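Numbering (numbering that gives the first Met the number 0), first residue to last: 0 to 334. The beta carbon of each residue, even a glycine, is placed where N, CA and C say it ideally should be. Quick caveat: nothing in here was measured; it's all calculated off a predicted structure. Please read the structure below before turning to the comments.
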Amino acid sequence: MGMSRIARVFLLFVTVIVIGASGYKILGGEEWSFLDSIYMAVITLSTVGFDEVRELTPNAKIWTIILISFGIGIVFYAFSQATELILNINLLRRNKMEKRASKLKNHFIVCGYGRMGKVICEELNSQKLDFLIVENNNEKITIISELGYVFIEGDATADETLEKSHIDQAQGLVAVLSNDSDNLFVTMTARTLNPDLFITSRCSLDQNVSKMKRAGANKVINPYVAGGHKMAELLITPYVEDTVEITAPKHNIDLLIEEINLKTISQFHGVTIRDSNIRENFQLLIVGIIDDEGETSLNPDPDYKMSKDNTLLLLGEKGSLLRFKQSIVRKPSPQ
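Below is the structure:
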């Protein structure tokens with residue numbers, strides 16, 4: 000139906016130009032080439048105000064008046080039809096996306112597709128998790144659409160937009176809009192619409208963290224602070240390969256899994272897991288060991304001898320891991 004309307008609009012536009020050009024050709028006689036006639040018809044209909052290609056006879060001037068009177072109206076009609084078609088296409092796209100969104104359950108909602116939102120969506124997509132994006136910037140929506148992500152076009156701070164995102168069926172929401180006030184409002188609205196939702200919110204100013212939590216955020220992340228802590232940690236403890244956080248907010252449990260590379264920590268070379276006393280001294284569990292070939296052994300034997308080629312997977316509370324890392328930094332390696 001859309002293509003047939005495009006064809007009709009195009010045919011109408013071409014017909015007006017051909018009729019206008021034919022009139023100039025007939026009235027102008029042999030002096031007017033068909034190219035001159037088409038050119039005159041186009042500049043008349045477009046009202047660009049260029050000079051005539053040839054001096055107009057009285058009859059040609061009358062034809063110009065007729066063409067302007069009727070032709071411009073037809074051209075405007077063609078443009079209005081084209082505009083309506085574009086709007087209908089956008090409406091169809093929006094309805095299609097809302098239909099796709101309605102099929103999601105236990106999904107994640109990403110409010111804002113900026114630099115952080117882009118990374119979050121890439122991570123969710125790589126793990127094949129269901130999610131949708133709430134965004135109202137046309138340029139970003141074009142990018143999101145090309146990537147094939149599900150999205151809802153609208154203001155994330157509006158109740159109706161979050162309701163279209165089926166927030167009552169979602170398991171998590173992350174607010175990563177460009178300013179704290181919008182993220183605060185999204186958090187408050189989301190918490191009202193779904194009291195059981197796990198909400199993570201971006202915060203640029205430390206003084207707004209408590210406000211975010213009071214509004215209902217389970218986790219508040221300041222990307223600058225978090226990035227600074229991470230870079231400082233890598234600087235101080237370069238043997239830490241990676242960190243994974245495990246949170247159970249209802250039980251007030253905050254655990255981390257860290258990869259500790261033993262290459263520069265000679266005090267554990269040739270020492271068994273049992274004799275290292277890591278569990279007894281720091282309340283940490285060695286849940287896995289990665290060897291030099293990248294193979295991972297989970298729940299390793301207590302009599303396993305560690306070497307410089309190993310990477311330990313340590314599980315424990317943040318404070319315990321911090322004490323362990325501080326002990327490594329402060330304790331000199333045996334000669």
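Taking its Cβ as the centre, do 16 or more other Cβ atoms sit within 10 Å of residue i, making it buried, or is it exposed?
i, result
"residue 108", "buried"
"residue 309", "buried"
"residue 297", "exposed"
"residue 179", "buried"
"residue 34", "exposed"
"residue 332", "Confidence is the limiting factor: at residue 332 the pLDDT is only 45, short of 50, which leaves the residue's position unreliable and the question unanswerable from this model."
"residue 43", "buried"
"residue 86", "exposed"
"residue 233", "exposed"
"residue 61", "exposed"
"residue 324", "buried"
"residue 25", "exposed"
"residue 91", "exposed"
"residue 128", "exposed"
"residue 39", "buried"
Since residue i and residue j are thought to touch, with beta carbons under 8 Å apart, how far apart are those beta carbons, to the nearest angstrom?
i, j, result
"residue 220", "residue 188", "Rounded, the Cβ-Cβ distance is 19 Å, inconsistent with contact."
"residue 337", "residue 73", "In the structure as shown, the chain begins at 0 and stops at 334. Residue 337 is therefore absent and cannot be evaluated."
"residue 288", "residue 321", "Not really, about 22 Å apart at Cβ, beyond 8 Å."
"residue 190", "residue 183", "Their Cβ separation, rounded to whole angstroms, is 11 Å, which puts residue 190 and residue 183 out of contact at 8 Å."
"residue 158", "residue 131", "With 8 Å as the limit, residue 158 and residue 131 do not qualify as a contact, their Cβ atoms being about 16 Å apart."
"residue 119", "residue 173", "6 Å"
Can you tell me whether DSSP reads residue i as helix, strand or coil?
i, result
"residue 287", "strand"
"residue 177", "coil"
"residue 337", "Absent from the structure is residue 337, since the part of the chain shown begins at 0 and ends at 334."
"residue 162", "helix"
"residue 60", "helix"
"residue 10", "helix"
"residue 152", "strand"
"residue 264", "coil"
"residue 306", "coil"
"residue 209", "helix"
"residue 275", "helix"
"residue 54", "coil"
Ignore the nearest five residues each way along the sequence and tell me which others in residue i's own chain have a CB closer than 7 Å to its CB.
i, result
"residue 278", "284"
"residue 204", "179"
Indicate whether at least one CB of chain D lies closer than 8 Å to the CB of residue i.
i, result
"residue 22", "No chain D appears in this structure, which consists of one protein chain only."
Among residues of its own chain, excluding the 5 on either side of residue i, which ones have a beta-carbon nearer than 6 Å to its beta-carbon?
i, result
"residue 319", "281, 282 and 283"
"residue 155", "110, 133 and 185"
"residue 15", "70 and 73"
"residue 116", "109 and 175"
"residue 36", "20, 23 and 24"
"residue 149", "99, 100 and 131"
Problem - Given 8 Å, three or more beta-carbon pairs between the stretch 96 to 115 and the stretch 130 to 145 - result: At 8 Å Cβ cutoff, the stretches touch.
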